[in-house]
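Numbering (our numbering), first residue to last: 123 to 560.
Here a beta-carbon is modelled for each residue, glycine too, at the ideal position from N, C-alpha and C.
Nothing here was measured: the structure is a model prediction, and the numbers come from that model.
Structure record follows, encoded as structure tokens.
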């Protein structure tokens with residue numbers, strides 16, 4: 123019987139369950155478990171549509187314990203002022219309570235009247251702005267930003283400057299764009315750099331804004347930035363420049379369907395600018411991944427040297443921006459890997475190597491090992507398409523593999539889809555991925 127099991131044990135069991143549905147079934151099995159586990163049912167919340175948003179707001183306004191129990195919040199796009207579909211759903215509206223809540227967040231006069239009008243219309247953006255400051259127990263957030271957000275974005279910018287942190291426990295935030303074209307401005311996420319417990323910020327299809335300034339120059343606690351299919355033609359200086367202890371940075375591209383046109387232009391991606399921004403953290407960065415999915419049209423410029431990145435342990439980078447694929451001898455000498463990598467490096471993965479330059483790259487890697495430039499190197503990976511179509515390439519790869527074995531280095535060769543051709547183990551991002559979690 124559940125009455126024989128200590129409450130602490132029941133809570134641990136509920137926490138270990140894989141899904142909220144499983145927690146719900148456990149909670150409704152008896153009255154005692156329902157009372158005990160009700161906060162756990164509110165630990166992971168996903169909201170979409172005014173009916174769900176309004177119902178949730180009314181619930182937590184009347185029960186502060188449930189509001190502070192929310193650990194994860196996921197928002198999948200929402201109606202903003204001016205949207206025709208904002209009031210398509212029926213929802214409950216308590217005018218007296220809405221006026222009270224608007225006053226509590228410091229909204230007065232004409233601004234309050236406009237806000238109240240949008241609340242009456244069922245504009246999600248206005249409702250979410252009232253809801254957010256109450257979720258003080260948040261640890262993680264997923265936001266699929268719509269075009270035209272105002273109340274919600276302004277509320278985040280406001281609470282980021284509160285003397286007493288509104289989100290003292292928020293550690294991870296991930297942003298995405300609601301559409302298949304365009305991108306969410308990186309400036310929308312700048313307030314998150316101000317929250318005291320933030321450690322990781324990531325995003326999908328974000329757009330670097332050249333007019334942005336760092337949220338808090340070199341003071342943010344964020345240690346990891348992880349981006350996918352995002353524009354970074356200004357080197358993400360607004361994000362990177364906000365961080366004080368940045369340890370890990372990853373930006374990858376794996377979706378050829380992302381629109382290359384304005385206003386989200388991959389053609390203006392500047393790899394050199396990213397590397398220059400990362401120079402701010404050259405004595406702290408431990409992992410850098412810049413992978414272009416074998417598309418030279420995604421970027422401009424060449425990445426500079428990493429020799430001064432004295433704490434760098436993992437480097438995963440496309441070969442093209444390294445400038446290794448050149449035929450001019452003098453240019454090639456100045457770009458050699460042995461002059462551009464730090465001795466601290468333990469893991470090196472070169473991706474998107476043209477088949478024409480496999481032999482040349484193998485020679486540079488072999489020189490790197492023979493000269494002892496990276497004495498701590500433990501793992502080496504090389505990825506290319508049509509990698510075994512020429513006997514000479516095969517011979518050079520085998521020679522490099524033999525040299526790695528002598529040096530005690532694990533060497534793997536990868537095909538275009540990153541499947542291993544022989545070798546021992548995969549070469550994956552060695553840190554936890556962001557999961558939506560509901």
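List the whole-angstrom C-beta distance separating residue i from residue j, where the pair is believed to meet the contact cut-off of C-beta under 8 Å.
{"i": "residue 484", "j": "residue 438", "result": "Residue 484 to residue 438, Cβ: 18 Å. No contact."}
{"i": "residue 293", "j": "residue 275", "result": "With a Cβ gap of about 21 Å, residue 293 and residue 275 do not count as contacting."}
{"i": "residue 370", "j": "residue 405", "result": "Contact doesn't hold; Cβ gap of about 15 Å is too wide."}
{"i": "residue 493", "j": "residue 533", "result": "With 8 Å as the limit, residue 493 and residue 533 do not qualify as a contact, their Cβ atoms being about 17 Å apart."}
{"i": "residue 246", "j": "residue 299", "result": "Going by Cβ atoms, the distance from residue 246 to residue 299 rounds to 17 Å, so no, they are not a contact pair."}
{"i": "residue 172", "j": "residue 256", "result": "Rounded, the Cβ-Cβ distance is 18 Å, inconsistent with contact."}
{"i": "residue 180", "j": "residue 212", "result": "Going by Cβ atoms, the distance from residue 180 to residue 212 rounds to 14 Å, so no, they are not a contact pair."}
Which partner residues of residue i appear in the DSSP bridge assignment?
{"i": "residue 347", "result": "323 and 371"}
{"i": "residue 440", "result": "473"}
{"i": "residue 503", "result": "471 and 534"}
{"i": "residue 194", "result": "166 and 262"}
{"i": "residue 68", "result": "This structure cannot settle anything about residue 68, because the visible part of the chain is limited to 123 through 560."}
{"i": "residue 413", "result": "374"}
{"i": "residue 306", "result": "328"}
{"i": "residue 365", "result": "342"}
Between the alpha carbons of residue i and residue j, how many angstroms are there, rounded?
{"i": "residue 471", "j": "residue 487", "result": "11 Å"}
{"i": "residue 193", "j": "residue 529", "result": "47 Å"}
{"i": "residue 185", "j": "residue 167", "result": "15 Å"}
{"i": "residue 132", "j": "residue 164", "result": "16 Å"}
{"i": "residue 198", "j": "residue 326", "result": "13 Å"}
{"i": "residue 143", "j": "residue 323", "result": "28 Å"}
{"i": "residue 427", "j": "residue 408", "result": "15 Å"}
{"i": "residue 178", "j": "residue 475", "result": "51 Å"}
{"i": "residue 191", "j": "residue 160", "result": "9 Å"}
{"i": "residue 278", "j": "residue 248", "result": "12 Å"}
{"i": "residue 281", "j": "residue 481", "result": "55 Å"}
{"i": "residue 285", "j": "residue 396", "result": "33 Å"}
{"i": "residue 236", "j": "residue 175", "result": "19 Å"}
{"i": "residue 507", "j": "residue 444", "result": "18 Å"}
{"i": "residue 527", "j": "residue 464", "result": "21 Å"}
{"i": "residue 315", "j": "residue 330", "result": "16 Å"}
{"i": "residue 394", "j": "residue 343", "result": "25 Å"}
{"i": "residue 380", "j": "residue 126", "result": "Confidence at residue 380 is low in this model, with a pLDDT of 44, below 50, so its placement is unreliable and the value that follows should be read with caution. In a straight line, the C-alpha of residue 380 is about 56 Å away from that of residue 126."}
{"i": "residue 272", "j": "residue 441", "result": "42 Å"}
{"i": "residue 241", "j": "residue 196", "result": "21 Å"}
{"i": "residue 134", "j": "residue 162", "result": "10 Å"}
{"i": "residue 250", "j": "residue 505", "result": "45 Å"}
{"i": "residue 402", "j": "residue 243", "result": "47 Å"}
{"i": "residue 519", "j": "residue 301", "result": "43 Å"}
{"i": "residue 383", "j": "residue 414", "result": "At residue 383, the pLDDT of 44 sits below 50, so the modelled position is not reliable; the number obtained from the coordinates is stated separately. The straight-line gap from Cα to Cα measures roughly 17 Å."}
{"i": "residue 347", "j": "residue 355", "result": "16 Å"}
{"i": "residue 253", "j": "residue 153", "result": "29 Å"}
{"i": "residue 430", "j": "residue 375", "result": "26 Å"}
{"i": "residue 232", "j": "residue 146", "result": "43 Å"}
{"i": "residue 150", "j": "residue 203", "result": "39 Å"}
{"i": "residue 230", "j": "residue 140", "result": "44 Å"}
{"i": "residue 321", "j": "residue 517", "result": "45 Å"}
{"i": "residue 386", "j": "residue 535", "result": "In this predicted model, residue 386 has a pLDDT of only 45, less than 50, meaning its place in the structure is not dependable; the value taken from the coordinates is given anyway. For residue 386 and residue 535, the distance between alpha carbons rounds to 34 Å."}
{"i": "residue 156", "j": "residue 189", "result": "17 Å"}
{"i": "residue 187", "j": "residue 310", "result": "29 Å"}
Just to confirm, are residue i and residue j a CB contact at a threshold of 8 Å?
{"i": "residue 460", "j": "residue 495", "result": "yes"}
{"i": "residue 468", "j": "residue 432", "result": "no"}
{"i": "residue 305", "j": "residue 352", "result": "yes"}
{"i": "residue 258", "j": "residue 289", "result": "yes"}
{"i": "residue 392", "j": "residue 357", "result": "yes"}
{"i": "residue 268", "j": "residue 317", "result": "no"}
{"i": "residue 498", "j": "residue 466", "result": "yes"}
{"i": "residue 136", "j": "residue 148", "result": "yes"}
{"i": "residue 349", "j": "residue 368", "result": "no"}
{"i": "residue 129", "j": "residue 169", "result": "no"}
{"i": "residue 411", "j": "residue 372", "result": "yes"}
{"i": "residue 366", "j": "residue 341", "result": "yes"}
{"i": "residue 514", "j": "residue 477", "result": "no"}
{"i": "residue 491", "j": "residue 462", "result": "no"}
Report whether the distance from the Cβ of residue i to the nearest heavy atom of the ligand SAH is below 7 Å.
{"i": "residue 128", "result": "As for the ligand SAH, it is missing from this structure, which has no ligand bound."}
If we cut at 8 Å on Cβ distances, does residue i have a partner in chain B?
{"i": "residue 395", "result": "The structure shown contains no chain B; it is built from a single protein chain."}
Is there contact between the region 217-232 and the region 260-267, where contact requires at least three CB pairs shorter than 8 Å? no
Between the region 220-235 and the region 291-305, do at least 3 Cβ pairs fall closer than 8 Å? no
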